[in-house]
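Residues 28 to 316 in this note's numbering are what the sequence shown spells out, letter by letter.
To keep things clear, I will list the structure first and then write my remarks on it.
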Amino acid sequence: MDKRFGVQALAALLHNPHLANFLSGRIYRGPTKVICTPGLNCYSCPGAAGACPIGSLQSFLSGVSPRFPAYVVGAILLMALTFGRFICGWLCPFGFMQELLYRLPGAKLGKSSLTKRLSQLKYVWSLLFVLVLPLLFWGVTGIGIPAFCKFICPAGTLEGAVPLLLANETLRAAAGAITVWKFALLVVFLALMVVTYRPFCRWFCPLGAAYGCFNRKALFGIAVDPQLCIHCGRCAKVCGMDTAIAGDRECISCGDCLKYCPTKAIYFRQPFTKAFSPKKCTETEKSEN
Ligand code: SF4
Ligand code: SF4
């Protein structure tokens, strides 16, 4: 078991500490439930201690009187500027689950120009389903809807709908066409997760899209020393994500490519240690010798 696997397992447990609720089919509604978690973890998951940032954003934009989601936007910005997509690689329970499924044996699909295009399209889906459709429905019908949670999110279906429906007969009886659609979509996503690396993170996740926009500026995360990089492309080649180079918007800072870089240009950026990037260390060492 590598270090990242252990951190991911611990983070999944910290996101969902109320395990007994899976048996009773109840949702924890205590004081921590108002806090946005860093990873994509459905509010309706019986074990969840906090709220999913995307679900919270949508809930502010839904109903008869949408409000500006200042708290949620602030929380997402704070987490994005601190960790960027390091959260995806190390802390997100849904990302962890996808990696577990990808470990199952069988034929695997690699990256291609199509997967790279799909990874760019997640910014379109995210804007459309998380912001535009909720507000459009509100403008047209007077009631905003959480379109991403309601029609797309497989994390919500797997972590929320599946355990709640299994434990609650009344909910099962009330399930309709949207539930059938979400379950069919979940089956497609689960199949994709077995054959390709983290497909939801790469092609659909709005939280990953938001964090990715701040990846190069975040305090923590993978970075490349431009003076050492020779643009050989090895980091992108060994990476499971649709990266063009380590540390870009698609990079989840897993660190797997570090050992493959021929010039040791890749490093973990940390606050207060920017002055000690590999190049500068080398120069310091040279001047000392
Ligand atoms: S493997 Fe290293 S040298 Fe090659 S492109 Fe990536 S960062 Fe640059
Ligand atoms: S570029 Fe490197 S650190 Fe980033 S996701 Fe790919 S393998 Fe991990």
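For every residue, glycine included, the Cβ atom is placed at its ideal position computed from N, Cα and C.
Task: Check: R261 C-beta below 7 Å from any heavy atom of ligand 1 - done: Taking the first residue of the sequence shown as position 1, residue 261 is located at position 234. At least one heavy atom of ligand 1 is nearer than 7 Å to the Cβ of R261, so yes.
Open item on the list: Measuring straight from C-alpha to C-alpha, what distance separates L155 and A237?
Closed with: Counting from one through the sequence shown, the residue named residue 155 turns up at place 128. Counting from one through the sequence shown, the residue named residue 237 turns up at place 210. The straight-line gap from Cα to Cα measures roughly 13 Å.
Open item on the list: Just verifying my parser: in three-state terms, what is the DSSP assignment at G260?
Closed with: One-based indexing of the sequence shown puts residue 260 at position 233. Coil at G260, not helix or strand.
TODO: Label F32 either buried or exposed according to how many other C-beta atoms from any shown protein chain fall within 10 Å of its C-beta, with 16 as the threshold for buried.
DONE: Start at 1 with the first residue of the sequence shown, and residue 32 comes out as number 5. Exposed: under 16 other Cβ atoms inside 10 Å.
Task: Local Cβ density within 10 Å of V215, reported as buried at 16 or more and exposed below that - done: By one-based count along the sequence shown, residue 215 stands at place 188. Flag for V215 reads exposed.
Open item on the list: By the three-class DSSP mapping on this structure, what secondary structure does G137 have?
Closed with: Residue mapping note: residue 137 aligns to position 110 of the sequence shown, counting from 1. DSSP places G137 in coil when its eight states are reduced to three.
- [ ] With a 10 Å radius around its C-beta and 16 neighbouring C-beta atoms as the bar for buried, classify L67 as buried or exposed.
- [x] Position 40 of the sequence shown holds residue 67. Taking all protein chains shown into account, L67 has 16 or more neighbouring C-beta atoms within 10 Å of its C-beta and is therefore buried.
Task: Buried versus exposed, by CB contacts within 10 Å (16 or more), A47 - done: Looking up residue 47 in the sequence shown gives position 20. It counts as exposed.
Open item on the list: Looking only at its chain, what residues have a beta carbon closer than 7 Å to the beta carbon of C115, apart from the 5 residues adjacent to it on each side?
Closed with: Counting from one through the sequence shown, the residue named residue 115 turns up at place 88. Cβ within range, chain order: G122, C228, G235, Y238, I279.
Task: Minimum C-alpha distance to W152 - residue among R130, V222, C180 - done: Taking the sequence shown and counting its residues from 1, the one referred to as residue 152 is at position 125. Considering only R130, V222, C180, the residue with the shortest C-alpha distance to W152 is C180.
Task: Residue range of the beta strand (DSSP E) that includes V100 - done: Walking along the sequence shown from the start, residue 100 turns up at place 73. Careful: V100 lies outside any beta strand (DSSP E), inside the alpha helix (DSSP H) at 97 to 110.
- [ ] Would you kindly report the start and end of the unbroken beta strand (DSSP E) that includes I54?
- [x] The residue given as residue 54 occupies position 27 in the sequence shown. Counting along the chain, I54 falls outside any beta strand (DSSP E), and DSSP gives it neither H nor E.
Task: C256 versus A218: straight-line alpha-carbon distance, rounded - done: The sequence position of residue 256 within the sequence shown is 229, counting from 1. The sequence position of residue 218 within the sequence shown is 191, counting from 1. Roughly 37 Å between the two C-alpha positions.
Task: Beta-ladder partner(s) of Y294, from DSSP - done: As a working note, residue 294 is residue 267 in the sequence shown. Under the DSSP definition of a beta bridge, Y294 partners with A250.
TODO: Examine ligand 3 and report whether any of its heavy atoms sits within less than 7 Å of the Cβ of T270.
DONE: Absent from the structure shown: ligand 3. Ligands present: ligand 1 and ligand 2.
Open item on the list: Which of the three DSSP states is assigned to C228 in this structure?
Closed with: Here residue 228 refers to the residue found at position 201 of the sequence shown. In this structure, C228 counts as helix in the three-state DSSP scheme.
Task: Element boundaries [alpha helix (DSSP H), containing V82] - done: The residue you call residue 82 lines up with position 55 of the sequence shown. In the sequence under discussion, the amino acid at residue 82 is Gly, which differs from the Val named in the question. Unbroken alpha helix (DSSP H) run through G82: 80 to 87.
- [ ] Out of M268, I272, A201, point me to the one whose CA is closest to D252's CA.
- [x] On the sequence shown, position 225 is the one that residue 252 refers to. Residue I272 is the option with its Cα nearest to D252.
Open item on the list: Going by the DSSP bridge assignment, what does C63 pair with across the sheet?
Closed with: As a working note, residue 63 is residue 36 in the sequence shown. DSSP, once it has assigned bridges, lists A78 as partnering C63.
Open item on the list: Am I right that C63 and A102 are in contact with their C-beta atoms under 8 Å? What's the rounded C-beta distance?
Closed with: Residue numbering aside, residue 63 sits at position 36 when the sequence shown is read from its first letter. Residue numbering aside, residue 102 sits at position 75 when the sequence shown is read from its first letter. Sure, about 4 Å apart at Cβ, within 8 Å.
Open item on the list: At 4 residues or longer, what runs of the alpha helix (DSSP H) sit wholly inside the segment 138 to 192?
Closed with: Secondary structure within the segment 138 to 192: the alpha helix (DSSP H) runs of 4 or more consecutive residues, fully enclosed, are 140 to 153, 160 to 168 (chain order).
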